[in-house]
Every structure is written in structure tokens, then in C-alpha cells.
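Before any comments, here is the structure.
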Amino acid sequence: EWTYLSPAAEIAPGERTGTFRLGGDQFLTDAEGRSRISAEDYAVALIEEVEKSQHIRQRFTVAY
Numbered sequence: 008e009w010t011y012l013s014p015a016a017e018i019a020p021g022e023r024t025g026t027f028r029l030g031g032d033q034f035l036t037d038a039e040g041r042s043r044i045s046a047e048d049y050a051v052a053l054i055e056e057v058e059k060s061q062h063i064r065q066r067f068t069v070a071y
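According to this note's numbering, the stretch in the sequence shown is residues 8 to 71, in order.
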């Protein structure tokens with residue numbers, strides 16, 4: 008089995024908010040047109056996927 012998690016275009020150290028969006032093959036942007044995520048929230052999304060296995064044999068992305 009495999010899963011591929013694509014980060015947002017911008018990933019940087021920041022705050023863990025726990026509030027982010029998941030998408031499939033589409034490029035996610037916020038209201039300002041930026042595709043970004045903190046490294047902390049990226050890690051949360053990754054751990055949630057490992058624990059819940061929601062995207063088996065799929066690529067998905069995470070961003071604000």
C-alpha cells in the first residue's frame with residue numbers, strides 16, 4: 008500500500024493550528040491566492056493519515 012502527501016507550495020516553521028484543508032490532485036490556495044502550511048500542521052496532517060489511513064493508494068495535499 009502507498010500514500011503520497013504533497014505539501015503546499017510554501018512550507019515553513021510556524022504555529023500548530025490544527026486547522027487546515029485536505030485536497031486531492033488540486034492545488035490548494037487561501038483567499039489571498041497563497042498555497043502555504045506550517046511545518047507543524049503538515050506534521051499533524053501526516054500523523055493523522057498514518058493513524059486513520061484515509062488516502063490509501065492516493066496522492067493528497069494539505070494547505071490552509
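Glycine included, C-beta positions come from ideal geometry on N, C-alpha and C.
For a test of the three-state rule: what should DSSP assign to Glu17, helix, strand or coil?
In the sequence shown, residue 17 corresponds to position 10, counting from 1. Of the three classes helix, strand and coil, the one that applies to Glu17 here is strand, per DSSP.
Alpha carbon to alpha carbon, how far is Glu55 from Gly40?
Counted from its first residue, the sequence shown places residue 55 at position 48. Counted from its first residue, the sequence shown places residue 40 at position 33. Their Cα atoms are separated by approximately 26 Å.
Measuring CB to CB, does Arg64 end up less than 9 Å from Thr10?
Locating residue 64 in the sequence shown gives position 57, counting from the first residue. Locating residue 10 in the sequence shown gives position 3, counting from the first residue. In this structure, Thr10 lies closer than 9 Å to Arg64 by Cβ.
With Leu53 as the anchor, note down where its beta strand (DSSP E) starts and where it stops.
The residue you call residue 53 lines up with position 46 of the sequence shown. Element bounds for Leu53: not the beta strand (DSSP E) but the alpha helix (DSSP H), Ala46 to Lys59.
Would you decide whether Thr68 is buried or exposed? Buried here means 16 or more other CB atoms lie within 10 Å of its CB.
By one-based count along the sequence shown, residue 68 stands at place 61. Counting Cβ neighbours within 10 Å, Thr68 comes out buried, since at least 16 surround it.
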